[in-house]
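Novice: The following block contains the structure, expressed as structure tokens.
Number of protein chains: 4
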Amino acid sequence: MSGSVFGTIFQISTWGESHGKGVGVTVDGCPAGIPLSETDIQQWLDRRKPGQSKFTTQRKESDQAEILSGVFEGKTTGTPIAIMVKNTNQRSGDYAEIASYYRPGHADYTFDQKYGFRDYRGGGRSSGRETIGRVAGGAVAMGLLKAVGIDLFAYTKEIGGIRADPGKFSREAILENAVYMPDMDAAARAAELLEQCIREQDSAGGIIECVIRHVPAGLGDPVFDKLDAKLAAAVFSIGAVKGFEVGDGFAAARARGSENNDCFCKGGKKTNHAGGILGGISDGSDIIFRAAIKPTPSISAVQETVNRDGEEISISIKGRHDPVIVPRAVVVVEAMAALTVADALLTGMGSRVDTVREAYTGRSVSI
Amino acid sequence: MSGSVFGTIFQISTWGESHGKGVGVTVDGCPAGIPLSETDIQQWLDRRKPGQSKFTTQRKESDQAEILSGVFEGKTTGTPIAIMVKNTNQRSGDYAEIASYYRPGHADYTFDQKYGFRDYRGGGRSSGRETIGRVAGGAVAMGLLKAVGIDLFAYTKEIGGIRADPGKFSREAILENAVYMPDMDAAARAAELLEQCIREQDSAGGIIECVIRHVPAGLGDPVFDKLDAKLAAAVFSIGAVKGFEVGDGFAAARARGSENNDCFCKGGKKTNHAGGILGGISDGSDIIFRAAIKPTPSISAVQETVNRDGEEISISIKGRHDPVIVPRAVVVVEAMAALTVADALLTGMGSRVDTVREAYTGRSVSI
Amino acid sequence: MSGSVFGTIFQISTWGESHGKGVGVTVDGCPAGIPLSETDIQQWLDRRKPGQSKFTTQRKESDQAEILSGVFEGKTTGTPIAIMVKNTNQRSGDYAEIASYYRPGHADYTFDQKYGFRDYRGGGRSSGRETIGRVAGGAVAMGLLKAVGIDLFAYTKEIGGIRADPGKFSREAILENAVYMPDMDAAARAAELLEQCIREQDSAGGIIECVIRHVPAGLGDPVFDKLDAKLAAAVFSIGAVKGFEVGDGFAAARARGSENNDCFCKGGKKTNHAGGILGGISDGSDIIFRAAIKPTPSISAVQETVNRDGEEISISIKGRHDPVIVPRAVVVVEAMAALTVADALLTGMGSRVDTVREAYTGRSVSI
Amino acid sequence: MSGSVFGTIFQISTWGESHGKGVGVTVDGCPAGIPLSETDIQQWLDRRKPGQSKFTTQRKESDQAEILSGVFEGKTTGTPIAIMVKNTNQRSGDYAEIASYYRPGHADYTFDQKYGFRDYRGGGRSSGRETIGRVAGGAVAMGLLKAVGIDLFAYTKEIGGIRADPGKFSREAILENAVYMPDMDAAARAAELLEQCIREQDSAGGIIECVIRHVPAGLGDPVFDKLDAKLAAAVFSIGAVKGFEVGDGFAAARARGSENNDCFCKGGKKTNHAGGILGGISDGSDIIFRAAIKPTPSISAVQETVNRDGEEISISIKGRHDPVIVPRAVVVVEAMAALTVADALLTGMGSRVDTVREAYTGRSVSI
């Protein structure tokens with residue numbers, strides 16, 4: 003099992019290595035009738051593309067999405083949607099050296115332990131390019147969310163300890179700064195911090211927040227398939243994620259029950275400490291979660307490690323690496339959240355017998 | 003889908019409501035040949051049983067595990083292991099009132115939205131009694147972990163902001179205090195805080211930490227089925243969990259790459275900021291994660307809410323409720339972690355063709 | 003993996019051995035709001051119960067179904083429905099001998115090869131009692147089928163070469179004879195043949211036919227999850243099934259295209275050689291399939307085999323055994339078909355985006 | 003759900019329509035270390051390619067397999083193997099007409115019912131080209147089977163009632179005649195029959211038999227995931243399959259128990275009526291099954307049907323169509339069987355705790 007399949011009904015299967023022929027995704031189980039074009043997908047891919055700012059790698063990867071199947075006359079047909087992005091800008095030579103040793107903070111060692119060997123070029127399957135399949139699949143999922151009126155977006159909440167101020171929140175700002183923060187002032191300070199990281203041959207981490215609005219109440223399942231548990235798995239499956247919390251999250255562990263409970267009132271809830279999910283099921287208010295992202299493990303500073311022969315050595319990782327993963331991961335978080343909600347929409351349709359009956363009424367044989 | 007099935011190969015299916023005839027679990031896919039008795043399971047169940055201390059409800063539930071199938075001559079047979087615990091101490095009358103309104107912080111409202119109605123007695127399926135099936139299943143999983151030499155345990159790291167001091171860590175202490183802390187001093191202070199919560203008709207939350215030792219390197223899968231993503235989903239599926247982090251977790255988001263990277267050395271890693279998992283795959287060092295638990299939502303203090311007719315009302319929740327969920331949830335966290343690792347052991351056996359070949363060598367027809 | 007879980011959304015998990023404490027099933031994913039009582043389930047179980055006629059074993063098993071969870075105020079709640087039947091009439095002594103050797107036509111040898119040992123009492127998990135969980139689960143599924151207007155029934159088409167005459171088909175007759183044939187004359191001749199089998203210490207096989215009416219067009223999926231492929235797996239998972247065919251089945255392999263094609267006409271199709279499924283998807287006409295059942299492997303006549311030490315021996319199987327499995331398997335076939343269709347109804351609800359949108363319209367937060 | 007994902011651990015996801023950009027498959031969960039090249043896959047694809055004889059369509063499809071990921075230095079890496087075959091020879095114009103009506107025996111009508119519309123060009127997703135993904139995936143699975151010593155092959159047993167004589171069985175003959183029969187005489191007679199079908203603008207069906215040798219005893223699971231049930235689903239998921247039987251199959255329904263039981267003897271079984279599977283688990287003898295294939299539904303003869311407006315019309319299907327599907331389906335049957343056995347090998351590794359322990363012994367942290 004290599005675990006590259008995600009979802010129960012709305013299901014994606016991704017493939018591809020950093021330095022192979024390309025990367026891609028097949029979306030199976032997407033309902034028929036959703037408008038979809040390569041442009042729809044490209045808009046999403048462009049947000050994770052490198053070379054967008056000085057804080058992302060300067061590789062010129064065109065990352066053009068090509069739809070290979072599952073769309074006919076501009077709409078999804080209900081059959082598998084295969085999407086491919088060709089790899090065009092790899093320089094395998096850059097990576098030949100890392101074949102022989104284990105980079106700290108990377109999966110080189112664990113791949114060798116699991117599989118006996120690894121495609122070491124650019125990280126192979128554990129490269130950040132793996133997320134292209136997720137984002138392309140997420141773009142398809144967004145089409146379904148849009149069809150039922152759900153609004154989903156994420157942004158950088160914090161970089162290297164610099165937080166976006168909720169009081170200055172501006173949704174428009176998110177796409178207007180290089181770090182995707184909803185607060186231009188914080189974004190400017192984060193930019194300075196990243197400049198410093200580059201000078202110091204070091205890297206920073208941060209926190210991404212995601213908001214999902216207009217979710218129908220009743221999505222998600224009690225017990226193991228709680229909507230928050232599914233979101234946790236989805237988001238934690240993104241490389242570099244080390245923490246996940248919903249609503250007040252870890253802060254709730256320090257609150258009293260009288261503070262943390264959200265009282266119901268006419269029209270909803272007075273507060274939203276819970277982050278839109280109660281008992282694993284959406285309550286109709288905004289779903290809010292955060293993911294903690296570790297600092298980029300590839301740094302130019304000298305590090306100690308061992309090689310495949312077990313000898314201790316010193317290394318300095320060359321090549322083009324982002325001083326921070328967070329901004330490019332924002333759209334990946336959105337994609338994983340969209341995929342999770344899309345699947346919950348489809349798996350949860352039959353929770354009441356009346357809805358099942360209605361869905362099949364009139365599906366008789368009348369030619 | 004009610005989502006009460008967990009795992010791919012080592013799979014459990016739980017059932018039961020607070021005030022039905024009982025609760026239980028069926029474990030499917032457990033390897034044959036593992037010693038298992040009702041006593042093995044009971045030891046685990048006793049740790050989540052109410053009435054153990056003044057901080058847990060005083061209901062006298064005997065919670066006796068009965069193995070109904072899948073064990074023959076003291077060993078698992080490889081076929082489904084059904085375990086049942088009868089409900090014996092319900093007083094449905096206590097709960098009749100809550101049929102008509104939505105308790106803050108509970109799943110009453112969301113169940114109604116999802117299913118159209120609910121079994122309101124004692125929370126029905128969203129009751130804490132639901133975790134009995136998890137714990138019984140986890141006890142079976144622990145038998146498999148033990149067979150491959152894995153050591154797994156959890157404890158209360160923090161209650162209401164009072165933290166166990168890592169410098170005073172004592173594994174023996176965990177089972178010697180009412181709040182399952184590995185630090186007797188912190189435990190005493192936490193006990194005082196809980197007394198105060200009771201007096202104030204309020205409740206507290208906290209943090210549980212889990213350590214998994216001697217995990218073979220190479221467990222877990224890249225991409226979606228990362229071992230940490232699976233643990234995140236498993237732990238987040240426990241009611242009241244609002245946050246999850248591995249290794250340094252959220253703190254990693256504020257560290258520099260040079261601090262957060264774990265350098266490899268002869269025999270392993272110099273540090274363990276990663277918490278034992280790199281790229282979703284175990285690296286052989288200790289797996290460490292934490293879960294944030296919200297304060298008990300059932301409090302006696304007056305709260306505002308609405309009833310099923312949408313009228314705003316004031317309520318005060320009666321009955322016997324814990325001022326804190328954390329201590330009883332410790333064994334539930336252990337159970338979910340054990341189930342996750344057990345499943346990873348079985349799904350990951352075929353990662354190298356040599357291991358597959360060896361497993362089937364000699365499985366010929368020789369009668 | 004012991005493979006005792008069936009279905010994707012409407013999912014059952016069965017457990018239990020012939021001589022353990024009982025057998026049972028947990029149904030997860032059944033929609034809320036379906037009327038369900040123990041009587042509903044008992045009616046189905048009574049049709050597979052032994053001791054009904056001289057052609058079924060004379061063991062007096064009461065086989066009383068007990069619903070343990072998931073039903074509240076007479077309706078399914080959407081959460082797991084656990085059903086148990088206690089074992090009451092086992093005499094383990096009868097079976098002690100078979101621990102040491104491999105019965106021809108049974109799974110004794112293969113269980114030993116797979117698991118290293120087996121619960122040999124009464125066949126353990128491979129006993130016919132395993133089907134009780136299927137039938138109880140199938141009874142729940144029938145409630146969902148009924149809710150959408152589907153009519154599903156099966157009968158004995160053939161025993162030991164004696165066929166029910168389609169020209170004499172009577173649905174009422176099915177439950178009026180000991181072999182569940184829709185043709186009383188054929189039933190009488192089959193009864194004679196079975197008498198002869200008993201005298202000769204031998205057994206007979208046969209064919210079961212199942213008809214599913216008023217299935218909405220559009221159920222099932224192209225490619226791997228074709229509705230007929232799902233039915234094939236479901237029915238072939240019943241012990242003793244050796245063949246499965248849909249519509250004209252094997253006869254279609256000898257027909258010409260011009261004969262086998264069903265021409266469409268106003269209101270449907272002129273013929274139904276296809277058996278109601280085209281390209282894996284229901285076409286709205288009757289779904290018709292047949293299963294071939296092998297003769298009961300337990301016969302009193304002397305047979306040769308080997309014991310666990312590999313020595314060749316002669317055996318004569320004692321105890322109470324049916325001369326034919328077919329009649330008691332009819333309701334098991336119905337159950338597996340009902341479970342398959344129920345799951346197809348739930349997994350297929352989201353095939354069009356319009357249906358998804360409609361299902362969630364009005365699921366807003368309005369308290 | 004469009005159901006284009008197959009398998010639990012060794013899992014494939016296929017995509018592609020007849021007249022889209024291509025067709026393909028992603029294999030996830032294949033163990034690392036299996037030699038694999040495009041040539042390995044091409045050999046399999048070439049056997050289902052059209053234009054091989056006058057009984058297959060004369061379209062010149064090159065059907066060249068391209069491996070896009072998951073293979074490094076000539077061996078599988080354990081990560082997803084994506085394989086694509088570009089569509090090169092479509093003439094959409096041929097099919098424009100069929101957009102408006104429902105071809106008898108095809109899935110046109112049922113696709114419209116399920117999805118609301120369809121990609122009508124060349125059958126879209128229900129085209130025979132869909133099987134390319136299966137065959138490419140099956141070629142990968144064969145690498146795993148080979149690694150554990152399993153030999154799997156299929157052939158045409160019967161076409162239009164003309165049977166290959168078991169007494170004249172020659173494995174070499176299979177690839178030496180246009181209909182893949184193991185009996186050259188029968189093949190010659192089948193060829194004559196197909197000539198006649200062409201002259202009569204009609205088509206024929208047939209039966210494919212598959213043999214799997216050297217399967218380890220103990221593969222497959224009791225209850226729902228029986229190895230024969232899995233094979234049934236796999237093979238029945240191939241378009242045009244209408245029947246499936248294992249061992250004696252339907253003939254077993256007419257045999258007596260004393261005839262049908264296979265007596266065990268030193269070294270195995272005296273006979274193999276069961277077809278190598280007992281209680282759903284392989285017994286180490288040859289696994290043998292047969293699939294009934296319906297006649298090609300596309301025939302040039304005039305047929306009656308209705309159009310999308312419900313009007314009754316007469317049609318004659320133009321274009322290039324095989325008078326028989328059977329020969330090209332032989333390799334598809336092999337592929338589906340190989341995929342099923344590969345998955346059973348991986349899901350079944352953990353049936354005994356000793357095997358689990360051994361697989362992880364030495365997987366410690368020793369750098």
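One line per chain: the protein sequences are A, B, C and D, in this order. If you count by my numbering, then the first sequence holds residues 3 to 369, one letter each, in order. If you count by my numbering, then the second sequence holds residues 3 to 369, one letter each, in order. If you count by my numbering, then the third sequence holds residues 3 to 369, one letter each, in order. If you count by my numbering, then the fourth sequence holds residues 3 to 369, one letter each, in order. Cβ atoms here follow ideal geometry from the backbone N, Cα and C, with glycine treated the same way.
On the criterion of 16 or more Cβ atoms from any shown chain inside 10 Å, does Ser172 (chain C) qualify as buried, or is it exposed?
Specialist: The sequence position of residue 172 (chain C) within the third sequence is 170, counting from 1. When all chains shown are included, Ser172 (chain C) counts as exposed.
Novice: Below 6 Å CB to CB, which residues in the same chain sit around Gly207 (chain B) once its five sequence neighbours on both sides are set aside?
Specialist: By 1-based counting over the second sequence, the position of residue 207 (chain B) is 205. Closer than 6 Å at the Cβ level, and outside the excluded window around Gly207 (chain B), lie Ile295, Lys296, Pro297.
Novice: Just checking my contact of Ile240 (chain C) with Met338 (chain C) at CB under 8 Å: how many whole Å lie between their CB atoms?
Specialist: Here residue 240 (chain C) is taken as the residue at index 238 of the third sequence, counted from 1. Here residue 338 (chain C) is taken as the residue at index 336 of the third sequence, counted from 1. With 8 Å as the limit, Ile240 (chain C) and Met338 (chain C) qualify as a contact, their Cβ atoms being about 6 Å apart.
Novice: Pull up the DSSP beta-bridge partners for Ala67 (chain D), would you.
Specialist: Indexing the fourth sequence from 1 puts residue 67 (chain D) at position 65. According to DSSP, which records beta bridges pairwise, Ala67 (chain D) is partnered with D:Val87.
Novice: Look up Val355 (chain C) in the DSSP assignment and say whether it is helix, strand or coil.
Specialist: Position 353 of the third sequence, counting from 1, holds the residue named residue 355 (chain C). The answer is helix: DSSP assigns Val355 (chain C) an H, G or I state.
Novice: Beta-carbon separation of Ala234 (chain D) and Ala235 (chain C) under 9 Å?
Specialist: Looking up residue 234 (chain D) in the fourth sequence gives position 232. Looking up residue 235 (chain C) in the third sequence gives position 233. Taking 9 Å as the Cβ cut-off, Ala234 (chain D) and Ala235 (chain C) qualify as a contacting pair.
Novice: Taking any Cβ of chain D, which residues in the segment 180 to 209 of chain B have a Cβ under 9 Å from it, in chain order?
Specialist: Under the 9 Å Cβ criterion, the segment 180 to 209 of chain B contributes no residue.
Novice: Residue range of the beta strand (DSSP E) that Cys212 (chain B) falls in?
Specialist: Here residue 212 (chain B) is taken as the residue at index 210 of the second sequence, counted from 1. Segment 208 to 215, the beta strand (DSSP E) holding Cys212 (chain B).
Novice: Report, in whole angstroms, the separation of the C-beta atoms of Gly277 (chain C) and Val248 (chain C), which I expect to be a contact under 8 Å.
Specialist: Taking the first residue of the third sequence as position 1, residue 277 (chain C) is located at position 275. Taking the first residue of the third sequence as position 1, residue 248 (chain C) is located at position 246. At roughly 4 Å, the Cβ-Cβ gap stays under 8 Å, so Gly277 (chain C) and Val248 (chain C) are in contact.
Novice: Can you look up Ser284 (chain C) in the DSSP assignment and give me helix, strand or coil?
Specialist: Translated into the one-based positions of the third sequence, residue 284 (chain C) becomes position 282. Note: Ser284 (chain C) maps to strand in three-state DSSP.
Novice: Please classify Lys272 (chain B): does DSSP put it in a helix, a strand, or coil?
Specialist: For the purposes of this step, residue 272 (chain B) is taken as residue 270 along the second sequence, with counting starting at 1. Correct three-state label for Lys272 (chain B): coil.
Novice: Which chain C residues are close to Leu347 (chain A), counting only those with a beta carbon under 9 Å from its beta carbon?
Specialist: Residue mapping note: residue 347 (chain A) aligns to position 345 of the first sequence, counting from 1. Within 9 Å Cβ-Cβ: Gly352, Val358, Ala361, Tyr362.
Novice: How close, in whole Å, do the beta carbons of Asn263 (chain B) and Pro106 (chain A) come, if the pair is a contact with beta carbons under 8 Å?
Specialist: As a position in the second sequence, residue 263 (chain B) is number 261, starting the count at 1. As a position in the first sequence, residue 106 (chain A) is number 104, starting the count at 1. That belief holds up - the Cβ atoms of Asn263 (chain B) and Pro106 (chain A) are roughly 4 Å apart, short of 8 Å.
Novice: Kindly indicate which residue of B:Gly26, B:Val217, B:Leu195, B:Glu19 has the alpha-carbon position closest to the one of Met86 (chain B).
Specialist: In the second sequence, residue 86 (chain B) corresponds to position 84, counting from 1. The candidate whose alpha carbon is nearest that of Met86 (chain B) is B:Gly26.
Novice: Relative to the alpha-carbon of Asp110 (chain C), which residue among D:His275, D:Gly220, D:Ile315 has its alpha-carbon at the smallest distance?
Specialist: Taking the third sequence and counting its residues from 1, the one referred to as residue 110 (chain C) is at position 108. Checking every option, the nearest Cα to that of Asp110 (chain C) belongs to D:Gly220.
Novice: Run through the segment 283 to 366 of chain A for me and flag every whole alpha helix (DSSP H) of 4 or more residues, listed as ranges in chain order.
Specialist: Runs of the alpha helix (DSSP H) inside the segment 283 to 366 of chain A: 328 to 349, 355 to 362.
Novice: Ends of the alpha helix (DSSP H) at Asp48 (chain D)?
Specialist: Reading the fourth sequence from its first residue, position 46 is the one you call residue 48 (chain D). 40 to 50 is the extent of the alpha helix (DSSP H) around Asp48 (chain D).
Novice: Between His216 (chain D) and chain C, is there a C-beta pair that is closer than 9 Å?
Specialist: Here the question's residue 216 (chain D) lines up with position 214 in the fourth sequence. So, not an interface residue.
Novice: Using 8 Å for Cβ pairs, my map puts Trp373 (chain C) next to Pro82 (chain B). What's the rounded Cβ distance?
Specialist: Residue 373 (chain C) falls outside the range modelled here, since chain C spans only 3 to 369, and no answer is possible.
Novice: What's the call for Leu177 (chain D), buried or exposed, on a 16-neighbour Cβ count within 10 Å?
Specialist: On the fourth sequence, position 175 is the one that residue 177 (chain D) refers to. Exposed, by the Cβ-count rule.
Novice: When you compare the CB positions of Glu336 (chain C) and Gly139 (chain C), do they come within less than 9 Å of one another, or not?
Specialist: The residue labelled residue 336 (chain C) in the question sits at position 334 within the third sequence. The residue labelled residue 139 (chain C) in the question sits at position 137 within the third sequence. The answer is no: Cβ separation not under 9 Å.
Novice: Can you confirm whether the segment 245 to 260 of chain A touches the segment 299 to 318 of chain A when touching is taken to mean that 3 or more C-beta pairs between the two stretches lie within less than 8 Å?
Specialist: Because the criterion of three Cβ pairs below 8 Å is not met, the segment 299 to 318 of chain A and the segment 245 to 260 of chain A do not touch.
Novice: I'd like the span of the beta strand (DSSP E) that includes Tyr157 (chain C), first residue to last.
Specialist: Residue mapping note: residue 157 (chain C) aligns to position 155 of the third sequence, counting from 1. Note, Tyr157 (chain C): beta strand (DSSP E), 153 to 161.
Novice: Curious, which full-length beta strand (DSSP E) runs of at least 3 residues does the segment 126 to 193 of chain D contain?
Specialist: Qualifying beta strand (DSSP E) stretches, in chain order: 153 to 161.
Novice: Any beta carbon of chain A sitting closer than 9 Å to that of Tyr265 (chain B)?
Specialist: For this step, residue 265 (chain B) is matched to residue 263 along the second sequence. With the sequence shown as reference, residue 265 (chain B) is identified as Cys, and Tyr is not the correct amino acid for it. It does; some Cβ of chain A falls within 9 Å.
Novice: Could you pull out every residue in the same chain whose Cβ sits closer than 8 Å to the Cβ of Lys272 (chain D), ignoring the five residues on either side in sequence?
Specialist: Residue mapping note: residue 272 (chain D) aligns to position 270 of the fourth sequence, counting from 1. The answer, listed in chain order, is Asp264, Cys265, Phe266.
Novice: Rounded to whole angstroms, what's the CA-CA distance from Arg165 (chain C) to Ser260 (chain D)? Just pull it up for me.
Specialist: One-based indexing of the third sequence puts residue 165 (chain C) at position 163. One-based indexing of the fourth sequence puts residue 260 (chain D) at position 258. One C-alpha to the other measures close to 21 Å.
Novice: Closer than 6 Å by C-beta to Val358 (chain A): which residues in its own chain qualify, once you throw out the five before and the five after it? Chain order, please.
Specialist: The count along the first sequence starts at 1 and reaches residue 358 (chain A) at position 356. Hits under 6 Å: Gly352.
Novice: Report yes if the CB atom of Tyr185 (chain D) is closer than 9 Å to the CB atom of Asp167 (chain D), and no otherwise.
Specialist: Taking the first residue of the fourth sequence as 1, we reach residue 185 (chain D) at position 183. Taking the first residue of the fourth sequence as 1, we reach residue 167 (chain D) at position 165. Sequence check: residue 185 (chain D) is Asp here, not Tyr. Closer than 9 Å, so yes.
Novice: Find the nearest neighbour of Gln203 (chain A) within the set A:Ala254, A:Arg191, A:Ser300, judged by alpha-carbon distance.
Specialist: The residue given as residue 203 (chain A) occupies position 201 in the first sequence. For the residues A:Ala254, A:Arg191, A:Ser300, the minimum Cα distance to Gln203 (chain A) belongs to A:Ser300.
Novice: Using beta carbons (cut-off 9 Å, strictly below), is Ile301 (chain C) in contact with chain B?
Specialist: One-based indexing of the third sequence puts residue 301 (chain C) at position 299. Not one chain B Cβ lies under 9 Å of Ile301 (chain C).
Novice: Kindly list the residues whose CB is nearer than 8 Å to the CB of Gly24 (chain D), restricted to its own chain and excluding five residues on each side of it in sequence; keep chain order.
Specialist: If you number the fourth sequence from 1, residue 24 (chain D) lands on position 22. Answer for Gly24 (chain D): Gly18, Met86, Val87, Lys88, Asn89, listed in chain order.
Novice: From the DSSP output, in three-state form, read off Gly31 (chain D) for me.
Specialist: The residue you call residue 31 (chain D) lines up with position 29 of the fourth sequence. Residue state, collapsed to three classes: coil.
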